[in-house]
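When we follow the working numbering, the leftmost residue of the sequence shown carries the number 23, and every step to the right adds one. Glycine included, every Cβ here is placed at the ideal spot set by N, Cα and C. Every value quoted in this text rests on a predicted model; they were computed, and no experiment measured them. Single-structure report; data block below.
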Amino acid sequence: MTNVVVVESPAKAKTINKYLGPGYKVLASFGHVRDLPAKDGSVLPDDDFAMLWEVDSASAKRVNDIGAALKASDGLILATDPDREGEAISWHVLDLLRKKKLIGDKPVQRVVFNAITKKAVLDAMANPRDIDIPLVDAYLARRALDYLVGFNLSPVLWRKLPGARSAGRVQSVALRLVCDREGEIERFVSEEYWNISALLKTPRGDEFEARLVSADGKRLQPRSVGNGEDAGRLKSLLEGASYVVDSVEAKPVKRNPSPPFTTSTLQQAASSKLGFSASRTMQVAQKLYEGIDLGGETVGLITYMRTDGVQMAAEAIDAARESIGSQFGARYVPEKARLYSTKAKNAQEAHEAIRPTDFNRTPDQLKRVLDADQLRLYDLVWKRGIASQMASAEIERTTVEILADNGGAQAGLRAVGSVIRFDGFIAAYTDQKEDGEQSDDGDDEGRLPEINAREKLAKEKINASQHFTEPPPRYSEASLIKKMEELGIGRPSTYAATLATLRDREYVIIDKRKLIPEAKGRLVTAFLESFFSRYVEYDFTASLEEKLDQISAGELNWKDVLRDFWKDFFAQIEDTKELRVTNVLDALNEELAPLVFPKREDGSDPRICQVCGTGKLSLKLGKYGAFVGCSNYPECNFTRQLSSESNGDEASAVNEPQALGKDPHTGEEITLRSGRFGPYVQRGDGKEAKRSSLPKGWTPATIDHEKAVALLSLPRDIGAHPETGKMISSGLGRYGPFILSDGKYANLESIEDVFSIGLNRAVSVLADKQSKAGAGRGAAQAALKELGDHPQGGAVTVRDGRYGPYVNWGKINATLPKGKEPLSVTLEEAIPLLAERAEKSGAKAPKAKAAAKPKATKTAAAKTDKPEKAKAAAKPKAIAATAKTKTAAKAKKG
């Protein structure tokens, strides 16, 4: 008897195949085998939310391989991951196999295991079940919601807010959190306060510090000493005072360990302790889960890493307690096992927490088989898991109240310290503490010397330190994930992908591990808050997650949820058709006033143009996004690039024309200015004025009269070409420095070459360029990668061009995002890039070729599954017309 077992990844398949033996053939689906095409009409609200699924060529081949193996087997076992996505993958595979009529009457079983160990896998095989249809329904509802939001809201952004990339159900709410925090920081007003403390000495010569907590018969609240005058008066009182211990109180305190890791808390700990991004954490955790070769046997080292549950299985708790006894001693094993429940909003608690699969497998034992990142992450998981079942730490917390008296004027001081009487679970973190690193649950209060009630103390020094309140900190990836979890936004499987989307869309940047919203991201958030406020509300998004959980539990019908959502959402989309750009600009000017119109040092109105003195500044929308311009245009051509990094000083430093001197040849004034596309120099005024952008590497601060004259004198004649007699000139163009002769261009390495290159070298550079162009003409036409056919017909390819890699469809070329690996691009990612490029350029789609008569074939080409009642597909239209109703790639991820 043989069975076909389907899992997601090849690594998982290899490990499980070893556990199951020759009676099983384990194959990988490589994740999802089909998805919603990134185009209009993939979800049909008018057809009861029918969903059109597409199978790409690679997935079609894998499904065919599974089908071929199934023909020679006795049954099918679906063993994908134990979460909503894993259940959906199994459902997709089974649905495709049934449509191919490859199942017949063969038994189909679904098994799940939380860890990839031999025992966990064999136990799962012995306890199969059917596919959990309510869990699949929840997946379908989430995919439909994300699609409907992304593919309907994003086109509104494209039309009303040029430069915006996409919007998503979860993505937009996460972005709002980052932008709201930036707004809090901008509105924050710092306040002065003083901390006053005394360094005192006991009769035994031991020193300690006590802080002032009361004066003049009043209890001092934090930051209640608000100026230097009050601080000086209180310091003088303490300088001349005598000190006596009023009371000493020691209280035993028990400190309990934290629960084992969830996805969110693991990402937070890995960020703060290891400096890992959320995506890096999940990559390393995936490898630890799928298995590491331990002396010829591949073993999963941790349990499934996408979970919001904090509980552990009973057998795991027993194993942890046994390991604690053997490694730390009987006193470290609590009388009863610790049971945890999550406090996160909307937690599903469907799975165990993240823990080691074997608590006896310590980090030290795995040093030889794990790489550095794997070992560090496993160390975190092991220590948190083992500590979660250890005894409480016993701490003695001592509070000393001290009376200061200066001729009848009295003040109170307090010193607090802690002593660990029994380290308990803290013992699991001992090596971290020795390295100078605070443990997860340690106490940061220092120890106090022996102090007795009623004894007198000697004054050593009085300290009065000035401080200023600070704004709330920007979110890090870890703290944003924590906030999203608290609010019930998103799920463990979506956190890393959501953050990656915000970075890829250039809505946020990460600087020193802090998330800073770009101007583009703030514009999108302000627009959504002004015109789609309900759909970026935290409670609304969390309530949708609750409904998805209710669908998973079989308590709600998934299509009822979609109907309720779509009715209001579609009406809101329709309302925006009447929205005028002036309405959008008025709302954004108000919402983003601190960013767009920063306060000026002289206190003048930040909305009055400082160039003409009468115009009013406002946001303007251009082809490449938003910028600030003057209402007196075209008489006043002042513009300013919108930047999230600018402040009032920086803005005025370049935004107002700065005089650099007169041109020695024309006598016209040369000025340094800032425009929509960055800083530039200008000679003269009006439409005929000569302008030149600053070259790469040149900043406004480095521009002087000599450099400005040199830039404005370009192009520079170098000399006549010895063969053609045509003049060779050098200049600065859109794509950088170049030389030109007889219509033939060649790039130069730097702007300095433009001013210094001689005739001989110029001839050589042009010759080299021509020889390379001739040798590469044939190869230039070859594609780096073929992605498949566009939904409207015609091949889509990835190519490498003069200015970097791009995707091509007919005559439409779209540059790949910065940092994107060309060979990793998918068709789903390419289509929105082409759509966006076509909309900007007005290019037309390639003409569809006449369809050939269908032939019988068994090719693995991409297919689309259509619902039974699906309407006939519309005829292809020009991409420029349809692009307005498409969204950026991965909008489905929210």
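- Around the Cβ of K61, a 10 Å sphere holds 16 or more other Cβ atoms; the residue is buried.
- Nearest to D685 by C-alpha distance, out of P679, Y702 and G706, is G706.
- Around the beta carbon of E507, 16 or more other beta carbons lie within 10 angstroms, which makes this residue buried.
- Taking each of E613, T224 and C658 in turn and checking the Cα distance to I630, the smallest one comes out for C658.
- Taking all protein chains shown into account, K569 has 16 or more neighbouring C-beta atoms within 10 Å of its C-beta and is therefore buried.
- Membership of L49 in the beta strand (DSSP E) is indicated by the continuous run Y46 to A50.
- In the DSSP assignment, W588 falls within the alpha helix (DSSP H) that extends over W580 to D597.
- By the CB criterion at 7 angstroms, S64 and L74 fall inside the cutoff.
- Distances from the alpha-carbon of T287 to those of E577, E357 and R328 put R328 closest.
- Taking all protein chains shown into account, Y517 has 16 or more neighbouring C-beta atoms within 10 Å of its C-beta and is therefore buried.
- Contact annotation: V115 and V28 have beta-carbon atoms nearer than 7 angstroms.
- Here DSSP, grouped into helix, strand and coil, assigns D57 to strand.
- Unbroken alpha helix (DSSP H) stretches of 4 residues or longer found wholly inside the region 217-277: 250-261, given in chain order.
- In this chain, the beta strand (DSSP E) harbouring K766 covers K766 to N769.
- The beta carbon of V267 sits closer than 7 angstroms to those of V422, I424, I473, N474, A475, R476, E477 and L479, all from its chain and outside the five residues before and after it, given in chain order.
- Secondary structure within the region 166-224: the beta strand (DSSP E) runs of 3 or more consecutive residues, fully enclosed, are 214-223 (chain order).
- Between G700 and W831, the alpha-carbon positions lie close to 31 angstroms from each other.
- The beta carbons of E107 and A300 sit no closer together than 7 angstroms.
- Contact check for S345 against F298 fails: the beta carbons are separated by 7 angstroms or more.
- With respect to G331, G322 sits apart: the two C-beta atoms are not nearer than 7 angstroms.
- Ranked by how close their Cα comes to the Cα of A186, the residues F549, S574, K589 and Q243 have F549 in first place.
- Look at P759 here: in three-state DSSP terms it is strand.
- Taken in chain order, the unbroken stretches of beta strand (DSSP E) that lie wholly in the region 102-133 and span 3 residues or more are 130-132.
- For the pair V235 and G468, the CB atoms are not nearer than the 7 angstroms cut-off.
- By the Cβ criterion, the region 808-825 is not in contact with the region 783-791, since fewer than three pairs of Cβ atoms, one from each stretch, lie closer than 8 angstroms.
- The distance from the Cβ of A648 to that of L641 is about 5 angstroms, consistent with a contact at the 8 angstroms cut-off.
- In the structure shown, the three-state DSSP call for A342 is helix.
- For the region 293-348, the continuous beta strand (DSSP E) assignments of 3+ residues that do not extend past its boundaries occur at 314-316 and 319-321, in sequence order.
- Taking 8 angstroms as the upper bound for CB-CB distance, T563 and V192 are in contact here, some 7 angstroms apart.
- By alpha-carbon distance to R419, the top candidate from L682, K273, L170 and V171 is K273.
- Classified as exposed, N249 has fewer than 16 neighbouring CB atoms from the shown chains inside 10 Å of its CB.
- A distance below 7 angstroms separates the beta carbons of T693 and A681.
- Contact between A160 and S574 holds: their C-beta atoms lie close to 4 angstroms from each other, under 8 angstroms.
- In the three-state DSSP reduction, G576 falls in the coil class, being neither helix nor strand.
- Contact check between the region 435-449 and the region 216-235: three or more CB pairs, one atom from each, fall below 8 angstroms, which counts as touching.
- Put simply, the region 81-93 touches the region 32-51. At least three CB pairs are less than 8 angstroms apart.
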